[in-house]
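Below is one structure, written out as structure tokens; comments come after it.
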Amino acid sequence: MLFLGEFEHALDAKQRLAVPSELRACLPSDGEDAVFVAAPGPNGFLWLWPEATFAELAKSLGGSLVGDDSLQNFERLVFSQSARTPLDKAGRIRVPDRMLQRFGLAGNIVILGVRDHLELCTPEQWKGERDRLEPATTDVWRKAREALRNRNAG
6 MLFLGEFEHA
16 LDAKQRLAVP
26 SELRACLPSD
36 GEDAVFVAAP
46 GPNGFLWLWP
56 EATFAELAKS
66 LGGSLVGDDS
76 LQNFERLVFS
86 QSARTPLDKA
96 GRIRVPDRML
106 QRFGLAGNIV
116 ILGVRDHLEL
126 CTPEQWKGER
136 DRLEPATTDV
146 WRKAREALRN
156 RNAG
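Below, the structure is given as structure tokens:
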């Protein structure tokens with residue numbers, strides 16, 4: 006599964022967000038019975054993980070019964086603030102009101118395909134982030150290559 010692209014969609018009157026068909030096509034069975042997990046992302050955007058991917062990531066954290074404090078704090082913060090958001094037959098998700106409010110999402114929303122997850126933000130937030138990142142494109146690529154080399158070496 007590889008999510009790519011940038012899309013702008015509006016919340017409908019019932020606060021549902023249409024997930025673009027191009028992104029739904031990346032899900033098993035073209036999104037039939039698909040469920041996303043909405044979780045706060047470290048960049049201030051709302052992240053949507055396919056539930057199976059989110060479960061794999063959660064499993065890779067190991068058990069928290071006797072885990073260290075940092076892991077327990079991370080789990081408490083992320084899992085308590087997450088919610089299941091199933092796709093309906095029309096390919097829409099219903100983002101909980103508390104998350105829409107927390108992330109300032111209303112009206113038009115930008116949906117970013119970011120490899121294994123989606124990110125939701127306002128058009129203004131995305132413009133600001135793009136304006137911040139684009140001048141540093143060369144540096145961003147260099148740091149990514151270094152991180153991959155370090156990860157593969159270790």
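Mapped onto my numbering, the consecutive letters of the sequence shown carry residue numbers 6 to 159.
Even glycine gets a Cβ: it sits at the ideal position worked out from N, Cα and C.
No experiment lies behind these values; they were computed from the predicted model shown.
8 Å Cβ shell around residue i - same chain, five flanking residues per side excluded
| i | result |
| --- | --- |
| residue 48 | 124 and 134 |
| residue 138 | 145 |
| residue 155 | none |
Neighbour-count burial assignment, residue i, 16 or more Cβ in a 10 Å radius
| i | result |
| --- | --- |
| residue 7 | exposed |
| residue 9 | exposed |
| residue 153 | exposed |
| residue 110 | buried |
Reduced DSSP secondary structure (H/G/I, E/B, other) of residue i
| i | result |
| --- | --- |
| residue 33 | helix |
| residue 128 | helix |
| residue 23 | strand |
| residue 108 | coil |
For residue i: DSSP bridge partner residues
| i | result |
| --- | --- |
| residue 118 | 10 and 123 |
| residue 78 | Answer is none; residue 78 lacks a bridge partner. |
| residue 15 | 113 |
| residue 43 | 53 and 88 |
Contact belief for residue i with residue j at Cβ below 8 Å, rounded distance in angstroms
| i | j | result |
| --- | --- | --- |
| residue 56 | residue 107 | That pair is no contact at about 21 Å. |
| residue 51 | residue 63 | About 18 Å separates the two Cβ atoms, so there is no contact after all. |
| residue 116 | residue 127 | Contact flag wrong, Cβ pair sits at about 11 Å. |
Own chain partners of residue i with C-beta closer than 7 Å, once the 5 adjacent residues on each side are dropped
| i | result |
| --- | --- |
| residue 23 | 14, 96 and 97 |
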